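>
Numbering (the numbering used here), first residue to last: 29 to 525.
(1) Give the C-beta separation of residue 149 and residue 137 to the nearest angstrom, bearing in mind that I take them to be a contact with Cβ-Cβ under 8 Å.
(2) Pick helix, strand or coil for residue 58, following the three-state DSSP scheme.
(3) With DSSP as the reference, identify every bridge partner of residue 141, one or two as the case may be.
(4) In the DSSP assignment, what residue or residues form a beta bridge with residue 111?
(5) When you compare only the Cα positions, how much space is there between residue 95 and residue 209?
(6) For residue 358, I'd like the list of residues in its chain whose CB is within less than 7 Å of its CB, leaving aside the five on either flank, ordered along the chain.
(7) Reducing DSSP to helix, strand and coil, say where residue 401 ends up.
(8) Considering Cα atoms alone, identify which of 228, 304, 232, 214 is closest to residue 256.
(9) Going by DSSP, what residue range makes up the beta strand (DSSP E) through residue 129?
(10) Using the Cα positions of residue 549 and residue 229, report the straight-line distance between them to the nearest angstrom.
(11) Among the residues of its own chain, which have a CB less than 8 Å from the CB of residue 184, if the five just before and after it don't count?
(12) Determine the closest residue to residue 167 out of 159, 173, 356, with distance taken between C-alpha atoms.
(13) In its own chain, which residues sit with a C-beta less than 6 Å from the C-beta of residue 254, not counting the 5 before and 5 after it?
(14) Measuring alpha carbon to alpha carbon, tell me which of 271, 302, 178 ends up nearest residue 314.
(15) Taking residue 519 as part of the alpha helix (DSSP H), name the residues at either end of that continuous run.
(16) Report the rounded CA-to-CA distance for residue 177 versus residue 114, giving the unit in angstroms.
(17) Starting from residue 494, trace the alpha helix (DSSP H) in both directions and tell me its first and last residue.
(18) Starting from the Cα of residue 281, find the closest Cα among 478, 157, 482, 243 and give me that residue.
(19) Quick one, which of 509, 473, 508 has its alpha-carbon nearest residue 495's?
(20) Identify whether residue 379 lies in helix, strand or coil by the three-state DSSP scheme.
(21) So residue 94 is in the alpha helix (DSSP H); what residue range does that whole segment cover?
(22) Short of 8 Å in beta carbon distance, which residues of its chain neighbour residue 101, apart from the five on each side in sequence? Order them along the chain.
(23) Report yes if the CB atom of residue 180 is closer than 8 Å to the CB atom of residue 126, and no otherwise.
(24) Cα-Cα, which of 234, 221, 169 is closest to residue 510?
(25) Identify, in the order they occur along the chain, each residue of the same chain with its Cβ nearer than 7 Å to the Cβ of residue 116, setting aside the five sequence neighbours on each side.
(26) Could you spell out the range, first to last residue, of the alpha helix (DSSP H) harbouring residue 15?
(27) Sorted by chain position, which residues of the same chain lie with C-beta nearer than 6 Å to residue 475's C-beta, five sequence neighbours on each side aside?
(28) According to DSSP, simplified to helix, strand and coil, what is residue 506?
(29) Please report the distance separating the alpha-carbon of residue 28 from that of residue 490.
(30) Excluding the 5 residues flanking residue 519 on each side, which residues of the same chain have their C-beta closer than 7 Å to its C-beta?
(31) I'd like the span of the beta strand (DSSP E) that includes residue 191, first residue to last.
(32) Which term fits residue 220, buried or exposed, when burial requires 16 or more other beta carbons within 10 angstroms of its beta carbon?
(33) Under a Cβ-count criterion, where at least 16 other Cβ atoms within 10 Å of its own Cβ denotes burial, should residue 399 be classed as buried or exposed?
(34) Find out if the Cβ-Cβ distance for the pair residue 289, residue 353 is shorter than 8 Å.
(35) Roughly how many angstroms lie between the CA atoms of residue 423 and residue 278, to the nearest whole one?
(36) By alpha-carbon positions, which one of 397, 523, 401 ends up nearest to residue 368?
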């Protein structure tokens, strides 16, 4: 026999079904909303906040002093990541603070700080209004409730840290001065590079183009260290291996410039092979380091980068007493090297007396070197051209006297004898060629080419007479133009009296 409740459901089956459907839908919606709320809460917590367990782990790591920064402490977690603990000034508490690491060598890091009494992971390059900020280095905005902060720099070297934290107004003043400093340097560097390119097009002298390329390489070094690649790429280009490639190019160009500037052809006859071996070695080590990230390849590259300019400076030192340009180069570059060493020590050791060797001092020294070397280069090239012009004038005068002497001797011999050998002019030309060969250090092949140019032969005719290719003839003609400081065939013929 059915119960009263069973009779009720059997009597009113249609009235209860809608109620059950409503209850089920409400229950499903509540469960979904609860799960969604939990998901949002967890995701926001993972994005910006360290959990209580993570906070405890971060603060309880074994921190020890960092010798390059007296106010920083370092630790390492179980995964091998490096953590750095620091403190801000008490006066910055409860104010909007801007935090930045001004080192291009540590760009991928996370900042944890106390805000609202909790240790949270801050968002990078986002201001207090939630807007994206474009800067030269990653930046964090927050309102600290405690002086401690923690940085996870992962596998980076903590000695590279150059931390800055201050109120937004003071940060703006500091940033404006920095922009002013490096804008002045960039303007000067670009001007010198363009001037040297123009001078090269005018004088066709390898010293100018080599120095322009060297300054371009140094310019890119400062451009990279100032975070300008990161800024103009919308915070995308970090380029962790740019330094090893660019400094390798700088060392090669510095050695080549020294070779041309001091005319070391007689002192380093194997210079071409030396540069080729060094370039291959630097290219190989830079490639291997970029691929493997092993410090050993970077060390090998560093030794080569120091050894190559040091060898050229050693050759310049041997000319210190005899060449004013060698003295000038060694003093000028010596000052730059001294400041560079001081800057390297300043970045590695926390000594007050090293603070003078900051990036601005290095930039100022580089600007002084740019101006000094540029003027010395112009003066040297002008002096060499004046000397070459004087040598050509003296040679023409000497050859004219020689021809007059030969003509007088010929007239004298003509009166004494009734015969005349047709070989006399050839002997005279041969004597003149020998004098030119000794004066301008011509090779035997260049002497043969010079003789045929004097005879009026074309490149094709010279190639047929000397049994060489036309390309080889053009090569020797080009070498003659450089050594005789001429640019046309008519100028070469004008040397023949």
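Just so you know, even glycine gets a beta-carbon here, dropped at the ideal spot from N, CA and C.
From a predicted model like this one, the values you see are computed outputs, not experimental measurements.
Taking the geometry as given:
(1) At roughly 11 Å, the Cβ-Cβ gap does not stay under 8 Å, so residue 149 and residue 137 are not in contact.
(2) Summary for residue 58: the model assigns pLDDT 49, below 50, so the residue's position carries little reliability; its value from the coordinates is reported in the next sentence. In the structure shown, residue 58 sits in a helix (DSSP, three-state: H, G or I).
(3) 148, 177
(4) 103, 180
(5) 29 Å
(6) 341, 344, 345, 348
(7) helix
(8) 214
(9) 125-129
(10) Absent from the structure is residue 549, since the part of the chain shown begins at 29 and ends at 525.
(11) 110, 133, 134, 136, 137
(12) 159
(13) 210
(14) 271
(15) 517-522
(16) 5 Å
(17) 487-494
(18) 243
(19) 473
(20) coil
(21) Here residue 94 belongs to no alpha helix (DSSP H); instead the beta strand (DSSP E) covers 92-94.
(22) 91, 92, 93, 94, 112, 113, 114
(23) no
(24) 234
(25) 125, 172, 175, 177, 193
(26) The structure shown does not extend to residue 15, since the chain is modelled only from 29 through 525, so no value can be given for it.
(27) 461, 465
(28) helix
(29) Any question about residue 28 goes unanswered here, given that the chain covers just 29 to 525.
(30) none
(31) 191-195
(32) buried
(33) exposed
(34) yes
(35) 41 Å
(36) 397
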